[in-house]
Amino acid sequence: MDDVLVCAPNDDLLSHALDLTIDSLVAAGFELQEEKIQRIPPWKYLGLEIGKRTIVPQKLVVKNNIRTLADVHQLCGSLNWSPPVQKNDQATGTGSRIDPESQDPDQGVGRM
């Protein structure tokens, strides 16, 4: 298991649910890295940045200088988790993000 996302309607329930989830995973023998547990927004999860009211793709950073097999592996991982709404400028390795201020609630998309 890699990533677990725990959600709740308010912060008190979220804290309680997260504590129960952590306790259950540890009791089942999973090893958790405390420094990777995100308790305050924005949360980074599967290529997305999740805020209190918005979800936007994380900026895709692509390493242009590929020299080792580990570099290729990292590049493949970055490309696999790149959200489909993200544009990527191959020349600069920069990505565009959806402008959360331009969200159209009826369409569920924003201006790039």
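Note that numbering that gives the first Met the number 0 numbers the sequence shown so that position 103 is 102, with each residue one more than the last. Think of the CB as a built atom: it goes at the ideal place given N, C-alpha and C, for glycine as much as any other residue.
For residue 47, no alpha helix (DSSP H) segment is defined; the enclosing uninterrupted segment is the beta strand (DSSP E) at 47-49. Within the DSSP bridge table, the entry for residue 55 names 48 as partners. Residue pairing by DSSP places residue 43 opposite 48 in a beta bridge. Residue 73: member of the alpha helix (DSSP H) spanning 68-79, first to last residue. Comparing C-alpha distances from residue 59 to each of 26, 67, 43 shows the shortest one belongs to 43.
Taking the Cβ atoms as the reference, residue 54 lies roughly 11 Å from residue 45, outside the contact range of under 8 Å.
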